[in-house]
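Undergrad: So that we are looking at the same thing, I have put the structure below in structure tokens.
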Amino acid sequence: MDPAHLACVIRGVSNLVWVSWHVPGEEPAQGLPRLLEASDGSLTLIHDISIPWASWTSGATVTCEVTFNSSGSSVTRHAVYSASPSAPCVMLPVVAVGSALLLVTVPLSLIWIHCPPRWGSRPREAAPHISQENQDGLIYTELAFKPLTPHKPR
Numbered sequence: 001m002d003p004a005h006l007a008c009v010i011r012g013v014s015n016l017v018w019v020s021w022h023v024p025g026e027e028p029a030q031g032l033p034r035l036l037e038a039s040d041g042s043l044t045l046i047h048d049i050s051i052p053w054a055s056w057t058s059g060a061t062v063t064c065e066v067t068f069n070s071s072g073s074s075v076t077r078h079a080v081y082s083a084s085p086s087a088p089c090v091m092l093p094v095v096a097v098g099s100a101l102l103l104v105t106v107p108l109s110l111i112w113i114h115c116p117p118r119w120g121s122r123p124r125e126a127a128p129h130i131s132q133e134n135q136d137g138l139i140y141t142e143l144a145f146k147p148l149t150p151h152k153p154r
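Just so you know, full-length UniProt numbering puts 27 at position 27 of the sequence shown, and the rest follows in order with no gaps.
Here it is as structure tokens:
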């Protein structure tokens, strides 16, 4: 992977400053400092480093210390990698739950179609024997229907 690039930006510089970096377990590759001059004459110093991506994402605290040559005082700033939530990570639980429901629903639907439940149904009765007569190419059949019994409301 590409390295992580970090910058320490010092605004309003009027004298020389010394910039030092501290990265736990690493010796950072330091780039050349860049000095920018604003229209009002103030200076901005940008001092950047490159560290391995794994070191940056490990959660280690990277420190930039700026020592002002004129006064000897220093200012220290810290940076720590913080992953921001992205859409795929937020959507992962939704996709997982949806997939699980689909994996359960499809087989249950197929079982329901091929083996419908028989809750509350009566066992099938054997079909009665139907007598048939063949006279002059015509078939006569006697059908006897049982009267329907009304169901009691539940």
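Backbone N, C-alpha and C fix where the C-beta goes; we use that ideal spot for every residue, glycine too. Just so we're clear, the structure is a prediction, and the values are computed from it rather than from any experiment.
Taking the alpha-carbon of R77 as reference, which of P24, V17, L148, T61 has the nearest alpha-carbon?
TA: Translated into the one-based positions of the sequence shown, residue 77 becomes position 77. R77 has its Cα closest to that of T61, out of P24, V17, L148, T61.
Undergrad: How is the beta strand (DSSP E) around T76 delimited, first residue to last?
TA: Here residue 76 refers to the residue found at position 76 when the sequence shown is read from its first residue. First-last of the beta strand (DSSP E) with T76: 74-80.
Undergrad: What does the Cβ neighbour count give for H47, buried or exposed, with the cut at 16 atoms within 10 Å?
TA: Within the sequence shown, the letter at position 47 stands for residue 47. The residue is buried, with at least 16 neighbouring Cβ atoms inside 10 Å.
Undergrad: Which residues in the same chain have their Cβ closer than 8 Å to the Cβ of A38, if we skip the five residues on either side of it in sequence?
TA: Numbered from its first residue, the sequence shown carries residue 38 at position 38. Excluding positions up to five away in sequence, the list reads T44.
Undergrad: Give the DSSP bridge partners of E65, in chain order.
TA: Position 65 of the sequence shown, counted from the first residue, corresponds to residue 65. In DSSP, E65 forms a bridge with S20, T76.
Undergrad: Please work out which residues of its chain come closer than 6 Å, Cβ to Cβ, to L36, disregarding the five sequence neighbours upstream and downstream, and give them in chain order.
TA: As a first step, residue 36 is located in the sequence shown; it is residue number 36 there, counting from the start. Result list for L36: T44, in chain order.
Undergrad: To the nearest angstrom, how far is the alpha carbon of S70 from that of R11?
TA: Locating residue 70 in the sequence shown gives position 70, counting from the first residue. Locating residue 11 in the sequence shown gives position 11, counting from the first residue. Going from the Cα of S70 to the Cα of R11 covers about 16 Å.
Undergrad: If P3 and E26 are in contact, beta carbons under 8 Å, what's the gap, nearest whole angstrom?
TA: Here residue 3 refers to the residue found at position 3 when the sequence shown is read from its first residue. Here residue 26 refers to the residue found at position 26 when the sequence shown is read from its first residue. 10 Å between Cβ atoms; not a contact.
Undergrad: Given a cut-off of 7 Å, decide if V66 and V9 are closer than it, judged by their beta-carbon atoms.
TA: As a working note, residue 9 is residue 9 in the sequence shown. As a working note, residue 66 is residue 66 in the sequence shown. No, the pair does not count as a contact, with Cβ atoms beyond the cut-off.
Undergrad: So, helix, strand or coil for S50, using DSSP?
TA: Taking the sequence shown and counting its residues from 1, the one referred to as residue 50 is at position 50. Here S50 sits in strand by DSSP.
Undergrad: Could you tell me which residues DSSP pairs with E26 in its beta bridges?
TA: For this step, residue 26 is matched to residue 26 along the sequence shown. E26 is bridged to V23.
Undergrad: Pull the bridge partners of C8 from the DSSP assignment, please.
TA: By one-based count along the sequence shown, residue 8 stands at place 8. Its beta-bridge partners are H47.
Undergrad: What number of angstroms, rounded off, separates the C-alpha of V97 from the C-alpha of T141?
TA: As a position in the sequence shown, residue 97 is number 97, starting the count at 1. As a position in the sequence shown, residue 141 is number 141, starting the count at 1. So the two alpha carbons sit approximately 59 Å from each other.
Undergrad: For H22 versus T63, is the C-beta spacing smaller than 7 Å?
TA: Counting from 1 along the sequence shown, the entry for residue 22 is found at position 22. Counting from 1 along the sequence shown, the entry for residue 63 is found at position 63. The answer is yes: Cβ separation under 7 Å.
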